[in-house]
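Since the structure comes first, as structure tokens, the remarks are kept for the end.
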Amino acid sequence: MAERLVVCGGLPAAATGKEDVLELDATASEGAASRVNLKLGDLSVRMVEDLPHVLTDLIEVAAYVYCADQFTRRGGETMSDMGRDWFRRFRFRIPVRRIDLWQRADIRETLIETLASLSDDHFDFDFVPHPEPQPTGLQPYLDFGDSVESGFIPDDVILFSGGLDSFAGAVESLVGRGRQVALVSHRASPMIISKQSGLVAALRERTKPKQLFHVPVSINKGHEEAVEFTQRTRSFLFATLGLVIARLFRKNTVQFYENGVVSVNLPVAGHVLGTRATRTTHPKTLADFSRLFSLILDEPITVENPYFWRTKAEVVGVVAEHGCADLIADTFSCTRVREATQRKRHCGACSQCLDRRFGILGAKLGEYEPSDAYVVDLFRGERKPGPDVVMAESYVLHALKLSSMSEQAFFSTFGQIFRILPHLPGTPEENARKLYELHRRHGQIVQEVVSQELRHHATLVQSLSLPDTSLLMLMQSASVRLPELLDQTETEAPASEQAARDSRPTVARPLVFAIDEERKRVLFRGSIEVKGAGFEIVRELAREFEEDINAGRPKEEFRFVLADTLSKRLKIDGQGLRQRITRLRRDLERKFLEALDVQLDTNDVIENDPWRGYRLNPYLLRVHPAQIRDGSV
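For the sequence shown, this note's numbering begins at 101 and goes up steadily by one.
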């Protein structure tokens, strides 16, 4: 994994000759190769003059991270492309005005953890004092406007992308509840600008005068086109923009509307990565944002998702409920913005387009958006062989599985669910049940749409020559399995997992464990704990285990860690490693037998392969230590 040095704010590069250097400067002159364009529209000097300078630092940091993300390539969208080039390593050198804050260990570490969790990349920051003795704050970045009247105080600050979910949130707040709202938009392309402006104008026509304030923000690098389009750090930039605007009005809450199924973002297929694996509004991501912003400002800041417990169809229903269904077609959800700019249409093939179309049809509002708004029609359109076909088929089969999956099978299949619970208000038991019901409702909505389409076009497949890669034909080719998926009322755990259970009936499956970093121990359900060398081994193997879960790898493809690599991490030789793992296995076997009267197999916790090394058993479930201590799992 090569390291990229990102030198910011006009600092000298001072490269060693071995590093790949990217220069970024928000204060560079027009036309400079390093220039980062940053403009906040419709604000005035009066509005920002009292903002703490640390927020100017923060927005520059977010802009530099976002631009570095845009202009540093990673691998492709499939699991086979997730080699060493997928995970990138960045080292930033950034001048800041509040060096005393940015050099604090808690702020720096929280920033690094937040970005690493969000993007799957490695980050390091070297903050230096800003060269300007009298900081000018945000003034150089203002596009002066006069749309804010004296005395305007918003009730809500909403991040407004122009997509269906953020639009529904704006409609509910403005039209449904009559609140004063500040909408904050990141203008990513001319087409997105047009969509956002049109929706804002339409909302102004349906609300009272001076009820809505819109702040469009433009951030890009010179006149260059980005080379990387996953852009997972964009939500950090977006949240930062929301925070800055919220603080203009002395507000401490920023609202980031997204349906819960997309926020959780369970993998629809192990070999599909790309945007489906992003964690833009994941509960942990929003909790990380809240924690970082609170540390920086030394007061409680909340970044929240009011639609977390709703499906896409339920979100779309909010728009219709408040009389704005006619504006559905004016929203934009496609992830392939560059292509859409030329076509003026949704692609119909990406995960967001699938979510959108199924949500609209599931809400029974298809009449408000014509099918030709998509390049590829949901059911009858020809899809490109490869990722587009895999995505469509996997999306439907995944949803059908969710529609009838038992609660036990759901939690056994998607261990990621347990890592969400610590970041949600309420009890773990209640939230676990609500997460299961949320995904079950989503699956049932997709099932209803699919069933209706199959019934409506029962003879169409035979009578018309549809493309082999259309979703109707793909479902027809899977007709042996499809009726079972549509009709069944209970889904068992995956066959591979069930086989494992059947062969080892005395051990409760899945084995649940937690890593307690504070007390340096591994906890297992049943009051079993491991400390010392055993703890260190499990903690090291958990690195790849967590990365594979977050990336959506199939369990059978979870990575092994070579014995030499693991030895170096633990700073022991190969013989010492083998002895420690043997002792750990024996210790666990004894403790499980004494505490639970069950017999572990050798590979129940740590698997090994003579050629590939060691890994944690993929069927383990990792949870938060508190969930084991309080018996909630």
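All C-beta atoms in this analysis are idealised placements derived from N, C-alpha and C, irrespective of residue type, glycine included.
Note that the structure is predicted; figures quoted are calculated from it, not measured.
Straight-line gap, Thr214 to Phe389 (C-alpha atoms, nearest Å): The count along the sequence shown starts at 1 and reaches residue 214 at position 114. The count along the sequence shown starts at 1 and reaches residue 389 at position 289. A straight-line Cα-Cα distance of about 7 Å links Thr214 and Phe389.
6 Å CB neighbourhood of Arg97 in its chain, flanking five on each side removed: With the chain covering 101 to 733 only, the question about residue 97 has no answer from this structure.
Rounded C-alpha distance that separates Leu500 from Met575: As a working note, residue 500 is residue 400 in the sequence shown. As a working note, residue 575 is residue 475 in the sequence shown. A straight-line Cα-Cα distance of about 12 Å links Leu500 and Met575.
Three or more C-beta pairs below 8 Å linking the segment 420 to 428 and the segment 456 to 467: At 8 Å Cβ cutoff, the stretches touch.
Own chain partners of Gln296 with C-beta closer than 6 Å, once the 5 adjacent residues on each side are dropped: The residue you call residue 296 lines up with position 196 of the sequence shown. Excluding residues within five positions, the ones whose Cβ falls inside 6 Å are Gly262 and Ser285.
Terminal residues of the alpha helix (DSSP H) in which Ile292 lies: Locating residue 292 in the sequence shown gives position 192, counting from the first residue. For Ile292, the uninterrupted alpha helix (DSSP H) segment begins and ends at Pro290 to Glu305.
Contacts around Gly626, its chain only, beta-carbon distance under 8 Å, and the 5 residues preceding and following it disregarded: As a working note, residue 626 is residue 526 in the sequence shown. The residues are Phe692, Ala695 and Leu696.
DSSP bridge partner residues for Gln679 (one or two, in chain order): Here residue 679 corresponds to residue number 579 of the sequence shown, with the count starting at 1. The partner list for Gln679 (beta bridge, DSSP) is empty, contrary to what the question assumes.
Lys412 beta carbon less than 9 Å from that of Arg456: Within the sequence shown, numbered from 1, the residue matching residue 456 stands at position 356. Within the sequence shown, numbered from 1, the residue matching residue 412 stands at position 312. It is a contact, given that the beta carbons lie within the stated cut-off.
Whole runs of the alpha helix (DSSP H) within the segment 134 to 182, excluding any shorter than 4 residues: You should have 145 to 148 and 153 to 170.
Bridge partners - Pro195, DSSP secondary structure assignment: Numbered from 1 along the sequence shown, position 95 holds the residue referred to as residue 195. Under DSSP, Pro195 takes part in a beta bridge, and its partners are Val228.
With 16 other Cβ atoms within 10 Å as the buried cut-off, status of Gly515: For the purposes of this step, residue 515 is taken as the residue at position 415 of the sequence shown. Counting Cβ neighbours within 10 Å, Gly515 comes out buried, since at least 16 surround it.
Bridge partner(s) assigned by DSSP for Thr340: Residue mapping note: residue 340 aligns to position 240 of the sequence shown, counting from 1. Beta-bridge pairing links Thr340 to no other residue.
Boundaries of the beta strand (DSSP E) in which Ser261 is found, first to last residue: The count along the sequence shown starts at 1 and reaches residue 261 at position 161. For Ser261, there is no enclosing beta strand (DSSP E), since its DSSP letter is neither H nor E.
Alpha-carbon spacing of Lys534 relative to Ile396, whole angstroms: The count along the sequence shown starts at 1 and reaches residue 534 at position 434. The count along the sequence shown starts at 1 and reaches residue 396 at position 296. Roughly 33 Å separates the two Cα atoms.
Selection from His724, Pro725, Leu524 and Thr702 that minimises the alpha carbon distance to Tyr714: Taking the first residue of the sequence shown as 1, we reach residue 714 at position 614. From the listed residues His724, Pro725, Leu524 and Thr702, the smallest Cα separation to Tyr714 is found for Thr702.
Bounding residues of the beta strand (DSSP E) (the contiguous stretch that carries Gln355): Position 255 of the sequence shown, counting from 1, holds the residue named residue 355. Taken as a continuous stretch (DSSP letters only), the beta strand (DSSP E) holding Gln355 covers Thr353 to Gln355.
From Ala268, Ile401, Glu305 and Glu358, residue whose alpha carbon lies closest to that of Val344: Position 244 of the sequence shown holds residue 344. Looking at the Cα atoms, Ile401 is the closest of the given residues.
Same chain, Cβ closer than 6 Å to Leu238, five either side skipped, listed in chain order: One-based indexing of the sequence shown puts residue 238 at position 138. Result list for Leu238: Val148 and Thr156, in chain order.
Contact belief for Ala126 with Gly109 at Cβ below 8 Å, rounded distance in angstroms: Counted from its first residue, the sequence shown places residue 126 at position 26. Counted from its first residue, the sequence shown places residue 109 at position 9. Between Ala126 and Gly109 the beta-carbon gap is near 7 Å, inside 8 Å, which marks them as a contact.
Identified DSSP bridge partners for Ile615: In the sequence shown, the residue the question calls residue 615 occupies position 515. Beta-bridge pairing links Ile615 to Val622.
Contacts around Val638, its chain only, beta-carbon distance under 6 Å, and the 5 residues preceding and following it disregarded: Position 538 of the sequence shown, counted from the start, is the residue given in the question as residue 638. Its chain contains Val622 as the residues whose beta carbon lies nearer than 6 Å to that of Val638, once the 5 sequence neighbours on both sides are disregarded; these appear in chain order.
CB contact flag (Leu670, Glu640, <9 Å): Counted from its first residue, the sequence shown places residue 670 at position 570. Counted from its first residue, the sequence shown places residue 640 at position 540. Contact flag set, yes.
In chain order, each beta strand (DSSP E) run of at least 3 residues that lies wholly inside the segment 679 to 721: Fully contained in the segment 679 to 721 are the following beta strand (DSSP E) runs of length 3 or more, in chain order: 706 to 709 and 713 to 716.
Counterpart residues of His222 in DSSP-defined beta bridges: To locate residue 222, count along the sequence shown from 1; it is residue 122. Secondary-structure assignment with DSSP links His222 through a beta bridge to Arg189.
Segment contact, 8 Å Cβ cut-off, at least three pairs: the segment 190 to 207 with the segment 158 to 173: With a cut-off of 8 Å, the segment 158 to 173 and the segment 190 to 207 count as touching, because enough Cβ pairs lie within range.
Within 9 Å, strictly: CB atoms of Asp243 and Leu386: Residue mapping note: residue 243 aligns to position 143 of the sequence shown, counting from 1. Residue mapping note: residue 386 aligns to position 286 of the sequence shown, counting from 1. Judged by beta-carbon spacing, Leu386 lies beyond the 9 Å limit of Asp243, meaning their Cβ atoms are not closer than that value.
Same chain, Cβ closer than 8 Å to Glu646, neighbours up to 5 away in sequence not counted: For the purposes of this step, residue 646 is taken as the residue at position 546 of the sequence shown. If you ignore the 5 residues before and after Glu646, its C-beta comes within less than 8 Å of the C-beta of Arg722, all in its own chain and listed in chain order.
Span separating the alpha-carbon of Thr172 from that of Leu105: For the purposes of this step, residue 172 is identified with residue 72 of the sequence shown, where counting begins at 1. For the purposes of this step, residue 105 is identified with residue 5 of the sequence shown, where counting begins at 1. If you take the alpha carbons of Thr172 and Leu105, they lie about 11 Å apart.
Contact under 9 Å by Cβ, Gly342 with Val403: Stepping through the sequence shown from its first residue, residue 342 is reached at position 242. Stepping through the sequence shown from its first residue, residue 403 is reached at position 303. Closer than 9 Å, so yes.
According to DSSP, residues forming a beta bridge with Tyr474: Numbered from its first residue, the sequence shown carries residue 474 at position 374. Tyr474 pairs with His446.
Thr682 classed as buried or exposed, judged by whether at least 16 other C-beta atoms fall within 10 angstroms: Looking up residue 682 in the sequence shown gives position 582. With fewer than 16 other beta carbons inside 10 angstroms of its own, Thr682 counts as exposed.
Neighbour-count burial assignment, Gln452, 16 or more Cβ in a 10 Å radius: Within the sequence shown, residue 452 is the residue found at index 352, counting from 1. Buried, because 16 or more other Cβ atoms sit within 10 Å of the Cβ of Gln452.
Test item: CB-CB of Pro522 and Ala726 under 9 Å: Translated into the one-based positions of the sequence shown, residue 522 becomes position 422. Translated into the one-based positions of the sequence shown, residue 726 becomes position 626. Result yes, Cβ atoms of Pro522 and Ala726 sit closer than 9 Å.
Residue from His724, Ile292 and Leu662 with nearest C-alpha to Ala614: Here residue 614 corresponds to residue number 514 of the sequence shown, with the count starting at 1. Nearest option by C-alpha distance: His724.
Cβ-based neighbour list, Pro667, same chain, cut-off 7 Å, excluding 5 preceding and 5 following: As a first step, residue 667 must be located in the sequence shown, where it is residue number 567. The sequence given here places Ser at residue 667; Pro does not occur at that position. For Ser667, same chain residues with a beta-carbon under 7 Å away, outside a window of 5 residues either side, are Asp673, Gly674 and Leu677 in chain order.
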